[in-house]
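Numbering (the numbering used here), first residue to last: 33 to 476.
We treat Cβ as the ideally placed atom computed from N, Cα and C, and that holds for glycine.
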Amino acid sequence: MEKQFPHNFLFGAATAAYQVEGATREDGRLPSIWDVFAHSPGKTFGGQTGDQACDQYHRFHDDVRLLKEFGFRSYRFSVSWSRIFPEGKGRINEKGMDYYRRLVDELLRNDIIPLVTLYHWDLPQALEGIGGWLNRDTMSYFANYAQKVVREFRGEATRFITVNEPSVAAYEGYLTGHHAPGHTDFRETITVAHHLMAGHAYASNAIRSVSQATEIGIALNLSPIYPSTKDQHEAARTYDLVSNQFFLDAACSGKYPQEVLDLYGTFFDLTFMQQADFQMMRSQTLDFLGVNYYFPTVVQKGEHPLLSDVLPPQGLLTDMGWAIAPNGLQDLLVRIHRDYPQVPIYITENGAAFPDKVIGDHVDDPRRIDYLKGHLETCLDVLSQGIDVKGYYVWSLLDNFEWAHGYSKRFGIVYVDFESMRRIPKASAYWLRDWIVAHTAREA
Ligand code: IFM
33 MEKQFPHNFL FGAATAAYQV EGATREDGRL PSIWDVFAHS PGKTFGGQTG DQACDQYHRF
93 HDDVRLLKEF GFRSYRFSVS WSRIFPEGKG RINEKGMDYY RRLVDELLRN DIIPLVTLYH
153 WDLPQALEGI GGWLNRDTMS YFANYAQKVV REFRGEATRF ITVNEPSVAA YEGYLTGHHA
213 PGHTDFRETI TVAHHLMAGH AYASNAIRSV SQATEIGIAL NLSPIYPSTK DQHEAARTYD
273 LVSNQFFLDA ACSGKYPQEV LDLYGTFFDL TFMQQADFQM MRSQTLDFLG VNYYFPTVVQ
333 KGEHPLLSDV LPPQGLLTDM GWAIAPNGLQ DLLVRIHRDY PQVPIYITEN GAAFPDKVIG
393 DHVDDPRRID YLKGHLETCL DVLSQGIDVK GYYVWSLLDN FEWAHGYSKR FGIVYVDFES
453 MRRIPKASAY WLRDWIVAHT AREA
């Protein structure tokens, strides 16, 4: 008998506000750091911005219809903080909240469970003006915003992700400068990483004070780290500590690995990590861990005292240049289950970009089908090993604004013509619908 997903396994599709909504100047929304960054010369592919994106703000009915048509039981989307609090704090913008009320209603009418991300990288620019994530106060503004959104949706949306990929927000935003706000400073990077992880804890606490029933998680981008050769174990370990375990321990155990603190402490003054933050982090429990997995990483020792060198990926690659390796997902899930056996896991993102083309009215994307099949079969394998994976969200429902790459990388299972905004489901969408039905047990 072929392996099957349990009947209540949650299959969904994922997006994020700035990547799909558009309507960046409507109904009282003010700019976020991504509006400012994308509008700055030379920051994104061809100077592209999220001004229109997929226009989901006006077309969410169509997109919910697609979710329904493809049999998804859940939709992961993010709330744009700048729609709810255009200045980041202060008075709620009811028109902004109303958009999400309509979206959640439409999902529930279609029996689709909302999984709501509160922070997917689009900090209100007004907060950036007073220091952004480098400013401790941003943690309490975030907690307040999170609490207000959760209170609004109490009973309707009950699953929330506080922060999406804190390490990308910190490292790409503050070390490489490839993402908003485009800084390049290591101390700032770890300050922001800490404020995001402690901010997650403050937000969780604020949410629980208004709703005990809400399930709270965080989505971490995790990549298994392998040494390039046998003598590079130390380089792999250090890179893993900094890029994975720092975030995993903070989220799942409310502390950072001592080795990372020792390492950072030899280079930087860590007084921005305050005792109150650690108390708050320790006092919170995580209802689920969101795992965003795309590719493995191979490293060797380099010049940088804190980071190892990442080797160019080998073998089959996606259009992002990322290695295709479902076994990396297996290694990751086994390790998470070993280290944090009590935490239920959702795959909150997995998918691949390929240079899809419309031929006639069809988009054939066999490489995406292979990618998804490999990773879904891995999920079946780990489930049979007793690992508590509860759901899988494909990234992404739609081709969308892929940050610094603009619209040049297509991750969707639905093709978007960015001129007409027409949606054309790719072959992978039909394949996924049928594969899921064939591999899910029926309710007894
Ligand atoms: O598009 C992003 C998403 O916003 C966060 N995780 C990775 C995706 C692909 O790069």
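Starting from the Cα of residue i, find the closest Cα among the options and give me that residue.
i	options	result
K180	A201, G214, A158 and N237	N237
V182	D396, E247 and Y288	E247
N324	N359, A283, M312 and N382	N382
L429	P38, F109, L42 and T56	F109
H211	L280, A476, I65 and G122	I65
R134	I162, R91, E204 and F174	R91
P146	I116, P156 and A189	A189
L252	F310, P345, M229 and S241	M229
G353	R442, D319, I377 and L339	R442
V448	D371, Q84 and H71	Q84
Q80	V414, W427, F433 and L318	F433
G438	G82, S416, G44 and S106	G82
Y258	S452, Y131 and D363	D363
P73	A476, A436 and V426	A436
V426	P156, S106, Q51 and E138	S106
V292	D272, L318 and F77	D272
S275	F299, F300 and L339	L339
G187	D371, A245 and F218	A245
R97	G360, P118, S416 and L140	L140
A49	A202, E409, P156 and I124	P156
N467	L412, E475, M453 and R454	Note that residue 467 is Trp in the sequence shown here, rather than Asn. Selected option, being the one with the closest Cα: L412.
D431	L415, R454, V414 and H265	R454
Helix, strand or coil for residue i per DSSP?
i	result
A332	Note that residue 332 corresponds to Gln in the displayed sequence, not to Ala. Note: Q332 maps to strand in three-state DSSP.
P146	strand
A385	coil
R399	helix
P358	helix
D137	helix
E409	helix
W427	strand
G79	helix
T303	coil
S110	strand
P259	strand
H232	helix
V224	helix
L349	strand
CB residue i to CB residue j, shorter than 7 Å?
i	j	result
K5	A268	Residue 5 is absent from the model: the chain starts at 33 and stops at 476.
S460	I401	yes
T194	Y206	no
M313	G347	no
L62	S112	no
Q277	P289	yes
S260	V330	yes
T216	F304	no
V148	F192	yes
P376	H407	no
G322	G249	yes
I116	G128	yes
G122	Y173	no
I233	Q311	Note on identity: in this sequence residue 233 is Ala, with Ile being the wrong assignment. No. Outside cutoff.
W165	H227	yes
F300	R219	yes
T410	L361	yes
F185	S440	no
Can you give me the C-alpha to C-alpha distance between residue i and residue j, rounded to a whole angstrom?
i	j	result
K75	P256	29 Å
T208	A470	43 Å
P328	E126	43 Å
G444	D169	36 Å
N142	P337	52 Å
Y296	L302	8 Å
T56	K100	27 Å
A225	D393	45 Å
V446	G54	17 Å
S243	A46	24 Å
A384	L280	24 Å
D396	L404	14 Å
I456	N176	39 Å
I239	Y151	14 Å
E204	E197	11 Å
K35	D309	44 Å
P344	D59	45 Å
A283	Y89	32 Å
L349	A355	5 Å
I368	A178	27 Å
L254	S199	9 Å
> Is there contact here, the stretch 48-67 with the stretch 384-398, by at least three beta-carbon pairs under 8 Å?
Replying inline: no
> Can you find at least 3 beta carbon pairs, one from the stretch 417-424 and one from the stretch 35-42, that sit closer than 8 Å?
Replying inline: yes
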